[in-house]
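In order, the protein sequence lines correspond to chains A and B.
If you read the first sequence in the numbering used here, its first letter stands for residue 206, the second for the next number, and so on.
If you read the second sequence in the numbering used here, its first letter stands for residue 206, the second for the next number, and so on.
Right, one structure below, let's go through it.
There are 2 protein chains.
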Amino acid sequence: MSTTTTESNITAPTLFLDASGERYAYRRFGGGPGHPLLFLQHFTGTLDNWDPAVTDPLAATREVILFDNAGIGRSSGEVPKTIAGMAKHALTFLDGLGLKACDVLGYSLGGMVALQMAQDRPSTFRRIILVGTAPRGGEDIMHLEKPSLARHFRDPALRGYAILRKIFFAPTESSQAAGEAFVGRLAQRQNDLDRPSGPDVAANQITAFREWERFTGDRFADLRSIRHPALVVNGVRDEMIPVSNSYRLVENLPNAVLLVYPDAGHGSLFQFHDSFVSQAAAFLASGQETGPGTSQ
Amino acid sequence: MSTTTTESNITAPTLFLDASGERYAYRRFGGGPGHPLLFLQHFTGTLDNWDPAVTDPLAATREVILFDNAGIGRSSGEVPKTIAGMAKHALTFLDGLGLKACDVLGYSLGGMVALQMAQDRPSTFRRIILVGTAPRGGEDIMHLEKPSLARHFRDPALRGYAILRKIFFAPTESSQAAGEAFVGRLAQRQNDLDRPSGPDVAANQITAFREWERFTGDRFADLRSIRHPALVVNGVRDEMIPVSNSYRLVENLPNAVLLVYPDAGHGSLFQFHDSFVSQAAAFLASGQETGPGTSQ
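Given below as structure tokens:
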């Protein structure tokens, strides 16, 4: 096992895996009786964007594996312009690790990649956690040009992590305070940092979002084949990927529980990290392995 | 304290309280460190319709109080034709008990009564659990005449509790099996039973549903004043009060968490009773007493 002795994303060393001609950056730490949990990251996010308040308590009872997809952070290659391309890299990475099955926490863009992986190779995942994400054919996915988001991207005062407080949290005192705490937790990691994503990363990922919004035929029908136990989580005030997308996920995935937090935006898992970790751990530890019965 | 020594709705004696010219039937059992929890019942339901798999584990750490509103079971009086009328009776009952503040679990019709009570006298409740219910102005509330429900009401083979399996559970093998288990649990109580509700009860309650669907002015605005911590629960396949009503609740209540179960209809709390009890108990035990901040 390549498990490291450190148990926090503040200090876990970045590791590298060579597979199919690419070099993937990742971190792997923690351990315990739970199945390994793969973390798939949001738009432009790197290994350094994972909140230790989420990764570390989950790592207390299982290995967690944080992953830079191709072209992100210190991973080689081009950022794919489709979710399918990102799913392919993630499967190559898991194959390279020799991990036959794991749990997954897909956040935002990462949730879409997790859904695509579950369709492409269902045996990859045991249980699926989807936070702040959308199915193919979802609505209003990452339209950074809309006024409620564009005003933050245009604000020169918002540099580095500071913009995350505005776009991941609701415009209330309580949510903004949670956002400030979140940014503070990210800043705790001082060494062995990823290269922040530039405009080229953003452009390709936005192209992938636009492609993911398109659908043909029966909208959301592809979700019905994903019979894994799933936990879908969102903030009710998510401006980046509205909560309606989470509604459509649980209405069409055959075995998905929905959890929606109040007073929270896209970063609900960081704002309510204690509750989220507790819900996620209980979900991952649950013995129920099978989906519900078929319609009569 | 009038707490009884039995800890189950299978055996708890029915009690009676005289207040403001009415006699209210109720059961009160259990105990522990938690706040008392008032149960407000569904359409035509009596004290005997509360699932011991839900009431009894909750009674292990708090008193639970099951209540027959006016004209239901062995309570005197007329069944009100408005939710507001039902809320008035429930407040009179709590006043008669001398209970200044409690938690509440309002299910279906009972959830609407809980919402009305929270508006009429906010201090009544500390925390609010709303299952399978709808806000004023909600959509498709208890339209028993629609084909998906009417076919069960027309079926002469469905007598007594048997119809509940059809209308409270989803048309899947797994959900129907859970429905059968639920009906079996209700049937465990053999003595000291309430009088089942007749067509007059149903007619007045349906009148109240039709009135509750109406709204004037800003739809759902009345919810924004209900700042209690709330847990909203539903089955994703609820035909009696569709899950969209739960979406509207958490989008407008300032401090409400949403939990939606897969493969479940109106009776999600009975189908997933272990999970529901665990979620409800954790919610009720949480220390957070205040709502989120105001918008900036």
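All C-beta atoms in this analysis are idealised placements derived from N, C-alpha and C, irrespective of residue type, glycine included.
Give a yes or no on whether the minimum CB-CB distance between residue 454 (chain A) and chain B is below 7 Å. no
Review point. How many Å lie between residue 474 (chain A) and residue 481 (chain A) at the Cα?
Key: 6 Å
Original post:
If you count every other CB in all the chains shown that lies within 10 Å of the CB of residue 385 (chain A), and 16 or more means buried, which is it?
Top reply: exposed
**Request:** Could you tell me which chain A residues have their CB closer than 7 Å to the CB of residue 310 (chain B), listed as they occur along the chain?
**Result:** Within chain A, no residue comes near residue 310 (chain B); the closest Cβ sits about 19 Å away, beyond 7 Å.
Margin query: For residue 263 (chain B), count the other beta carbons within 10 Å of its own beta carbon; 16 or more makes it buried, fewer makes it exposed. Which is it?
Written below: buried
**Asked** Cα-Cα, which of A:365, A:275, A:235 and A:489 is closest to residue 257 (chain A)?
**Response** A:235
Report yes or no: do three or more beta-carbon pairs, one from the segment 404-421 of chain A and one from the segment 459-474 of chain A, lie closer than 8 Å? no
(Q) Do residue 299 (chain B) and residue 267 (chain B) count as a contact pair if the criterion is CB distance below 7 Å? (A) no
Pick helix, strand or coil for residue 215 (chain B), following the three-state DSSP scheme.
-> coil
Is any beta-carbon of chain B found at less than 7 Å from that of residue 501 (chain A)? Residue confidence for residue 501 (chain A) is low, a pLDDT of 32 falling below 50, so the modelled location carries little weight; the figure read from the coordinates is stated next. True, the Cβ-Cβ gap to chain B drops below 7 Å.
Among A:342, A:311 and A:439, which has the Cα closest to the Cα of residue 423 (chain A)?
-> A:342
- Query: Residues of chain B with CB under 8 Å from residue 428 (chain A), in chain order?
  - Reply: The premise fails here: residue 428 (chain A) is roughly 12 Å from chain B at the closest Cβ pair, so nothing lies under 8 Å.
**Item:** Among B:453, B:247, B:344 and B:253, the one whose alpha carbon lies nearest that of residue 216 (chain B)
**Value:** B:253
Checklist entry - How do the segment 311-330 of chain B and the segment 383-399 of chain B stand: do at least 3 beta-carbon pairs fall below 8 Å, yes or no? => result no
*As assigned by DSSP and simplified to three states, the class of residue 316 (chain B)*: helix
Taking just the CA atoms, how far does residue 337 (chain A) sit from residue 284 (chain A)?
21 Å
Give the range of the beta strand (DSSP E) segment to which residue 462 (chain A) is assigned.
461-466
Determine the closest residue to residue 459 (chain A) out of B:230, B:222 and B:379, with distance taken between C-alpha atoms. B:379
| message | Within 10 Å of its beta-carbon, does residue 246 (chain A) have 16 or more other beta-carbons around it, so buried, or fewer, so exposed? | response | buried
Requested in this report: Using a Cβ-Cβ cut-off of less than 7 Å, list which residues of the segment 227-259 of chain A approach chain B; keep chain order.
Outcome: none
* Asked: Taking buried to mean at least 16 other C-beta atoms within 10 Å of its own C-beta, is residue 351 (chain B) buried or exposed?
  -> exposed
| Exposed or buried, residue 251 (chain A), counting other C-beta atoms within 10 Å across all chains shown (16 or more means buried)? | buried
Members of the segment 343-374 of chain B near chain A, C-beta cut-off 7 Å: none
| For chain B, is any of its Cβ atoms less than 7 Å away from the one on residue 490 (chain A)? | no
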